[in-house]
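The sequence shown begins at 108 in our numbering and counts up one residue at a time. The beta carbon of each residue, even a glycine, is placed where N, CA and C say it ideally should be.
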Amino acid sequence: MQKILKPEFIREVKNDVEVIAVLVFGSYARGEEYRDIDVCLVLDKKYSNLRMSKKKLRYSSILASKFDVHVFQQLPIYIRKRILKDNKIVLCKNEDLLYEIAFSTIKEFEFYKKIYYTYLGMVENEN
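Below, the structure is given as structure tokens:
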């Protein structure tokens, strides 16, 4: 999976102490037809939105336009949950911390789940 990403990107990520993992998710990770490749940077903790956005822009500028770079901690909870369910790990520098972040995300989603599914049901009924 690392072969799809530029060596420069991999090198930068390996040297970035704040990035603990790189995941590929979405249609490309599922082996389906795709328009772009979704790449997710998992950080060691949640930083300010400005700092995370700068990191996202920095890594986006290294990759070609067919890549869509995201920072895990900036995404809505329902998308973070989906990424955890449907991803390919490209690089993991701290497996224990990655599992801790995943577990924390799942716990957070459990609090939100009832509201989320109620909302989806209402939207479905309107159509």
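Beta-bridge pairing by DSSP links F174 to I144. Our two residues, R158 and D143, have alpha carbons roughly 25 Å apart in a direct line. Shortest Cα-Cα distance from K173 to any of K162, V131, K195 involves V131. In summary, A128 is buried, with 16 or more beta-carbon neighbours lying within 10 Å of its beta-carbon over all protein chains present.
A Cβ-Cβ distance of about 19 Å is found for the pair A136 and K200, leaving them out of contact under the 8 Å criterion. Bridge partners of I208 according to DSSP: none are assigned. Apart from sequence neighbours up to five positions away, the residues of its chain that approach E215 with a beta-carbon distance below 7 Å are I184, ordered along the chain.
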